[in-house]
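A.B. asks: Residue numbers (our numbering), protein chains in the order written: chain V, 133 to 381; chain G, 133 to 381.
Ideal Cβ positions, reconstructed from N, Cα and C, are used throughout, including at glycine.
This structure is in C-alpha cells; I'll ask about it shortly.
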DNA sequence: CGTACAATTGAAACCAGTCAACCATTGTGG
DNA sequence: CCACAATGGTTGACTGGTTTCAATTGTACG
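Here is the structure:
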C-alpha cells in the first residue's frame, strides 16, 4: 500500500547491490565508486548508530529504513531534531568536533553506509568537486534546519502537521498529490517531539484532518486526499515547488 | 553603561586597524593576513547587506555593530533566523547556492568585512587547515541552529527569554554573571520574531523578570541581577558551561 | 492470555495571542 | 519653536489553541 522510496542507481564500495546515497550519489557518484573503505551497518528498530559524546568519525548514508536524531537539552529532556530517510546523510551536525552532539537511532530495520569523515576530508582536499559537494551537504543541512525553525517559530499545530506530511510525501517517490501514500515510521510522540507538539495534539490534529477529508489516516499510513487543501494549510503555494526536498531530515 | 564587546586581535587585508573576525580570526588568522582582496562595507541602521534571491558571492564577518538575518515563509511572513554580533560570520546559510536564501540587515551602524566565498574555497583547496576551518564554521552554524530549534520546540516564553539573554550576555565580554550588562540592539518585535513570540509577550515577560528582581530592564539595556535564577529559568546548569557561545547568532 | 506500548478522545487549566488603549521618544514640516 | 505623525514600548482584558490529566481502546509480542 505505502509508496516505495526513490532508488537512484550508484554502487558504493563494498555493497554488492546498487544502493541509494541521495545527495552523495548525485554529488560524489563517480568518485565514491573508487572508495574501498565503505562499510555497511545493519540496525534493528531502536538500535543506536551513535550516541551523544561518542567519538565522531563518520557520516552515515541511509540505504534503507529510517532514523531519528535526538538531542538533549541541558535540563535533560530529549528532543528529535530530524528524521532521516533513505538517501539522507546522518551526522553532519557533529562535523568539526571530536564528539557527537546528538544521538541517532533506527526507527525500523535500517541499513546505512559508513563514510569516514577523515576520508571525505582527504578526498575533498585533492578533488575540488568533492570539497564543493561537502560544502553543499553541510549548507543543505543548515537550510533544512532553517525550514524547521520557521515552522516551529510561526505555525500552528495543523499547519505544522500539514507541512510535515507534505515533506514526508515529497521525500518519497515523486511529487505529493491526491492519492499519494505516506509511510510514517515514527510514533505520534516522536512526531510531536520533532514538531514541538505533544503526542495528544498530533493525534487530535491528524484525526481532525481525517474528519475533514483532507487526508486518510490508518495507523502509521497516511494517504493524501485533498492535496490543494493540505498545501494551503501548510502555507505553501498550491503548485508544488520547483525543488521539493524542503523540510525536515 | 553597556559592556564593550570582545575584541580579538588580527589584521584582515585592507582594514587599516586591527579587527575582530571571531571564529575566522581564530581559525584562519595567519592565512587571512595574506589575503589582499578583503573589502570593507559600512551600513547604517536598516541597510541591507544582501537580499533573498540576490547572487550569493561572499560571507561577511561583522567587525562592529550587529545584524539580523531574515527569511520569508512561502506565504509571505518574515521571520528572523539569527542575530549576528561582532565577530560573527553572516551568510553561511547560502553556501553552495547561486542565490541567497535569506536577507541581512543592519540593526545599527555596522561595519563588515567581505570574504568572497570562491576565494575561501580556493584557499581551502590548497590549505587543509582552511578547508577544515570552513567545515567547522558551517557545522558550527548547524549546531547554533539546532540550539534554537530546541528552544523553539520545548521552552515557554520565560525560558526562551532567559536563554536569549544569557546567550547575548555570553557573546559579549566574559561569562554572564550578576551585574553583567547586556545591550539589545533589536526591537521587542525582532526579539519576538526570533524567539517565536509576539512583541507583547516579549515586553510582558521582560517586565515580569524585572518585577521579580532577576534582571533590570531599561529600554534596550538589561542588567543581570540574579544569574543563578536566570540560568535556572533557561534550563541551564547554574555553573556556566565550559564553552559559552551556545545559542542564537 | 496478559503485559506493555501506541493511539484516541474528553474535560479542564493555562499560556500565549489578539485587540485595544496609552505613553514616551524622535523627527519633520509649517 | 511648536504641532504632529511615526515608531517603539508597556499594560489590560479577553480569547483561543495547546497542554495536562485521565480514561479507554486497540495492537504487538512474549
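Tell me which residue opens and which closes the beta strand (DSSP E) that residue 248 (chain V) is part of.
C.D. replies: Here the beta strand (DSSP E) through residue 248 (chain V) covers 242-248.
A.B. asks: Does any residue of chain G bring its CB to less than 8 Å from the CB of residue 309 (chain V)?
C.D. replies: Not an interface residue.
A.B. asks: Measuring alpha carbon to alpha carbon, tell me which of G:271, G:263, G:353 ends up nearest residue 300 (chain G).
C.D. replies: Checking every option, the nearest Cα to that of residue 300 (chain G) belongs to G:353.
A.B. asks: When DSSP labels each residue in this structure, what does residue 234 (chain G) get in the three-state scheme?
C.D. replies: If DSSP states are grouped into helix, strand and coil, residue 234 (chain G) belongs with coil.
A.B. asks: Relative to the C-alpha of residue 213 (chain G), which candidate in G:284, G:350, G:254 has its C-alpha closest?
C.D. replies: The option with the nearest alpha carbon to residue 213 (chain G) is G:284.
A.B. asks: Could you list the residues in the region 260-273 of chain G with a C-beta less than 9 Å from some C-beta on chain V, going in chain order?
C.D. replies: Answer set for the region 260-273 of chain G: 260, 263, 264, 265, 266, 267, 268, 269, 270, 271, 272, 273.
A.B. asks: Buried or exposed for residue 363 (chain V), please, with buried defined as at least 16 other CB atoms from any protein chain shown within 10 angstroms of its CB.
C.D. replies: The residue is buried, with at least 16 neighbouring Cβ atoms inside 10 Å.
A.B. asks: With H, G and I counted as helix, E and B as strand and the rest as coil, what does DSSP make of residue 340 (chain V)?
C.D. replies: If DSSP states are grouped into helix, strand and coil, residue 340 (chain V) belongs with the helices.
A.B. asks: Check residue 188 (chain V) in the structure and name its three-state DSSP category.
C.D. replies: In the structure shown, residue 188 (chain V) sits in coil (DSSP, three-state: anything other than H, G, I, E or B).
A.B. asks: Can at least three beta-carbon pairs, one atom from the region 273-288 of chain V and one from the region 277-296 of chain G, be found at a separation below 8 Å?
C.D. replies: Yes: the two stretches touch, three or more of their Cβ pairs being nearer than 8 Å.
A.B. asks: So, is residue 228 (chain G) buried or exposed, given that buried needs 16 or more other C-beta atoms within 10 angstroms?
C.D. replies: The residue is buried, with at least 16 neighbouring Cβ atoms inside 10 Å.
A.B. asks: List the DSSP bridge partners of residue 210 (chain G).
C.D. replies: Paired residues: G:204.
A.B. asks: Could you check what DSSP says for residue 269 (chain G) in three-state terms: helix, strand or coil?
C.D. replies: Three-state DSSP puts residue 269 (chain G) in a helix.
A.B. asks: Can you grab the Cα-Cα spacing for the pair residue 223 (chain G) / residue 197 (chain G), in whole Å?
C.D. replies: Taking the straight line joining both Cα atoms gives about 16 Å.
A.B. asks: Taking just the CA atoms, how far does residue 254 (chain V) sit from residue 334 (chain V)?
C.D. replies: C-alpha separation (whole angstroms): 44 Å.
A.B. asks: Please state the DSSP three-state secondary structure of residue 154 (chain V).
C.D. replies: Note that residue 154 (chain V) has pLDDT 47, beneath the 50 cutoff, so the model's placement of it is unreliable and the number below is only indicative. Reduced to three states, the DSSP call for residue 154 (chain V) is helix.
A.B. asks: Since residue 359 (chain V) meets chain G, which of its residues come closer than 9 Å, beta carbon to beta carbon?
C.D. replies: None at all; the shortest Cβ gap to chain G is about 15 Å.
A.B. asks: Along chain V, which residues have their Cβ under 9 Å away from the Cβ of residue 286 (chain G)?
C.D. replies: Here the neighbours are 205, 209, 211, 325, 328.
A.B. asks: Ignore the nearest five residues each way along the sequence and tell me which others in residue 289 (chain G)'s own chain have a CB closer than 7 Å to its CB.
C.D. replies: Excluding positions up to five away in sequence, the list reads 329, 333, 337.
A.B. asks: List, in chain order, every chain G residue whose beta-carbon is nearer than 7 Å to that of residue 277 (chain V).
C.D. replies: By Cβ distance, chain G contributes 274, 277, 278, 281.
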